[in-house]
Amino acid sequence: MLVYTGDKQQFIHDVHTNTIDRKIEDLMASKLHKRVGSSERQSWINSLTHMQNILLDPEIPHDAGVAIEFAIPNTSKRVDFILSGFDGKNRHSAVIIELKQWSEVFPLISVDQLLLVDPETEIKHVRTYLGGGKHKAVHPSYQAWSYRSFISDYNSSIEEIPIVLQSCAYLHNYYKKDKDDPLLMPYFKEVLEESPLFCRSDADRLCSFIKKYIRKGDSKQTLYHIENGKIRPSKSLQDSLDAMLKGKREFVLIDEQKIVYEQILSFSRMSFSDGKKRVFLVKGGPGTGKTVVAINVLVKLSNEGQVCAYVTKNSAPRNVFEQRLKEGDFKKKNISALFKSSSAFIDSESNDFGTLIVDEAHRLNRRSQLGPRITGDDQIKEIFNATVCSVFFIDEDQRVTAKDYGDREKILYWADQYGAEVQEGELVSQFRCNGSDGYLSWLDGVLGIQRETANLTLEDSDYDFRVLDDPVELKMLIEEKNNIDNKARLVAGYCWEWISKHRSNTDDDIIIGDFSMRWNLSSDQTFAISKSSIRQVGCIHTTQGLEFSYVGVIIGDDLRYENGEVTTDFTKRAKSDKSLHGLIGKAKKGDIQAEKDIDIIIRNTYRTLMSRGMKGCYIYCTDKALAQYLRSRIIG
């Protein structure tokens, strides 16, 4: 969505009359439903005044289109500035400009150490002064290029019209250094060729760059095509894995994803070089791209010759990934070497692996168990022992069973025991749930996971969330969505016994009025991609770590709305559910901590299920009061 649009003349007028910041602020509120602070308003004033000076060049067409704050679909990211028109071949053309107020930039100190080891793979990041404090940032030219690539990948108009997209970065406060400028180092050569960098003294060069691609005005036609282009379906990791392992770029890592990715590579390569144990801990909520970053790291390090593996406790994502690779031309033994269970390191010798990449680390067990007789040690300890560099991706709000043991404190404890160097990173931007940070914040609020949230309703959200009165209607809606791409699934809380587990029993498991379905078969290990899965209901164990286009969630009686609040009730869970094993007995005896742990697990389970849908989530509640409450929180 484009926030501010106009032509060159209108933009210059709005800047000249000092109304540009208020106009953008009002449009941000009406279109994106976002409030902005004084610092963001001031950044508009500062940067857009410099852009006005650039556009005063009379050779830049007066009716060229101008867009400010373009919200990139399926993400929570925004493009600063777009200029549109026709190029010399009369093609629709648009230039994406990333605006920065940076005045000083420094190389990342740790990168200097890495460069001495492998000069061809330096981290492409810089440190910058912004607002008085230092922070890590991607190169602004990379940022502009990544936004351009993301738009090209997902906006059908770019190819169909077609539209020639260009990108650049403009650091209007930054003076280039005469020697060894950190932004112009040789390892930035490729990205600078793709997306040039212009600094304070480069105004004429920036004008020439714009005029090269914007020869005639288009009265905002190109901007219209960009805003109204059909959004292509988001890529699913499970469908892209084969190509990724063969070296093809499938996902553009954006902003903090790129930062975390490059830092992990740096840490791993240093360990590969000096043999010192290191651990990188990545915190990130649902849909922030933890698994995408993890697989990209796996691919990069494997191609560099490291012995590394992707590790999960939950078999569901590994089974899906392995099945997709088997459908290609990967050999089974090669697949098995790359994807490991968290119990696979009982017998590992010290430093058998160069890097182990542990996804869903919050799901790790206290001890490994291989069959009834073989019990291992602390899984975190086993992983530290087995590898030189370990990487943990974690979201403690996705702890969904009593056995889920992994947390930051325990990882740091074992890092200390092994004398491992530690770095931490965080993924915050939303790339699922239609790019809506607001939906996840709202979800935490309605489920009572976070008592305070700025998102009290979903009234202004683009995410497709509905509460249905009939599970049959829910089933039909999911089947309709699944007919599009086999990427819609029905899931439920574990409140119904698994009576169909024994094949001799032909009864359905979940029966609600006219609705009758089975849990997914124990022999079907690929619920997320199997075409027969649409006839079954999935659970937390077959869906965590995976995503769908649309998800339908049946909320059972373990989550209800009573006395003005959302409450949990472990007595309504199926007896065959092992996720609360060891806690229920304690809770029945009045153990307060066990009751708290159960409450958290039930809420986290529904949070995880309700955040699996990239485009939408549809709900049926067995508790009518909860359904009414959820509806009231949609529109207020």
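Each residue of the sequence shown is one higher than the last, beginning at 11 in the working numbering. All residues carry an ideal CB built from backbone N, CA and C; glycine is no exception.
Range covered by the beta strand (DSSP E) that runs through residue i
i, result
"Y185", "Taken as a continuous stretch (DSSP letters only), Y185 belongs to no beta strand (DSSP E), as it is neither H nor E."
"G299", "Here G299 belongs to no beta strand (DSSP E), and DSSP marks it neither H nor E."
"Y571", "569–572"
"G294", "288–294"
"D529", "Checking the displayed sequence, the identity of residue 529 turns out to be Trp instead of Asp. Residues 525–529."
"E575", "575–578"
"I421", "Not the beta strand (DSSP E): I421 falls in the alpha helix (DSSP H), residues 418–427."
"Q433", "431–437"
"T365", "363–368"
"M11", "Element bounds for M11: n/a, residue is neither H nor E."
"I521", "520–522"
Pairwise C-alpha distance: residue j and residue i
i, j, result
"F3", "V302", "Since the first residue of the chain shown is 11 and the last is 646, residue 3 is not available in this structure."
"G294", "A326", "20 angstroms"
"A502", "K287", "41 angstroms"
"Q19", "A74", "9 angstroms"
"L126", "F403", "Residue placement at L126 cannot be trusted, given a pLDDT of 21 that sits under 50; the coordinates are not used to answer."
"V121", "K497", "For V121, the pLDDT reaches just 42, beneath the cut-off of 50, and the residue's location in the model is therefore unreliable, leaving the point undetermined."
"S218", "I305", "40 angstroms"
"D601", "V309", "46 angstroms"
"V456", "T615", "14 angstroms"
"G95", "E170", "17 angstroms"
"H102", "V174", "6 angstroms"
"P206", "S177", "7 angstroms"
"K582", "A354", "34 angstroms"
"L124", "D609", "Legend: pLDDT at L124 = 24, less than 50; position of this residue unreliable, no value from coordinates given."
"K511", "S586", "10 angstroms"
"K606", "S351", "29 angstroms"
"F116", "P150", "13 angstroms"
"D249", "E490", "21 angstroms"
"E469", "Y14", "22 angstroms"
"I224", "Y560", "40 angstroms"
"V25", "R158", "26 angstroms"
"D414", "L374", "6 angstroms"
"F91", "H551", "44 angstroms"
"L255", "L450", "31 angstroms"
Closer than 9 angstroms to chain B by CB, residue i
i, result
"D472", "In summary, chain B is missing from the structure at hand, where a single protein chain is found."
Continuous alpha helix (DSSP H) stretch holding residue i: start and end
i, result
"E406", "No alpha helix (DSSP H) contains E406, which DSSP labels as neither H nor E."
"Y639", "634–645"
"D388", "That residue, D388, is in no alpha helix (DSSP H); it is neither H nor E in DSSP."
"R45", "Run containing R45: none; DSSP gives neither H nor E here."
"Q19", "18–26"
"G595", "594–598"
Residue i (DSSP reduced to helix, strand or coil)
i, result
"L478", "strand"
"R377", "coil"
"F261", "coil"
"N100", "coil"
"R242", "coil"
"Q546", "strand"
"R32", "helix"
"D284", "helix"
"K226", "strand"
"P196", "helix"
"Y616", "helix"
"M61", "helix"
"A396", "helix"
"V317", "coil"
"G448", "helix"
"N165", "strand"
"G555", "coil"
"K256", "coil"
Opposing strand residues paired with residue i [DSSP bridges]
i, result
"M486", "None; M486 has no bridge partner."
"C178", "I107"
"R499", "V561"
"G209", "According to the sequence provided, residue 209 is Cys. The question's Gly does not apply to it. C209 is bridged to L181."
"A81", "R88"
"L653", "Since the first and last residues shown for the chain are 11 and 646, residue 653 lies out of range."
"T322", "S351"
"Y630", "L478, I564"
Check: residue i C-beta below 8 angstroms from any heavy atom of the ligand MG
i, result
"I390", "Looking at this structure, you won't find the ligand MG or any other ligand, since it has none at all."
Meets three-Cβ-pair contact criterion under 8 angstroms: the segment 311–321 and the segment 419–439: Look at the beta carbons and you see the segment 311–321 not touching the segment 419–439: under three pairs across the two are nearer than 8 angstroms.
Contact the segment 77–86 vs the segment 228–245: 3+ CB pairs below 8 angstroms: yes
Validate contact between the segment 199–216 and the segment 37–47 using beta carbons, cut 8 angstroms, 3 pairs: No: fewer than three Cβ pairs fall under 8 angstroms.
Contact the segment 210–222 vs the segment 177–194: 3+ CB pairs below 8 angstroms: yes
The segment 46–66 / the segment 94–106 touching (three or more Cβ pairs under 8 angstroms): no
Inter-stretch contact at 8 angstroms, needing at least 3 Cβ pairs: the segment 472–481 / the segment 620–629: Yes: the two stretches touch, three or more of their Cβ pairs being nearer than 8 angstroms.
Three or more C-beta pairs below 8 angstroms linking the segment 532–550 and the segment 635–643: no
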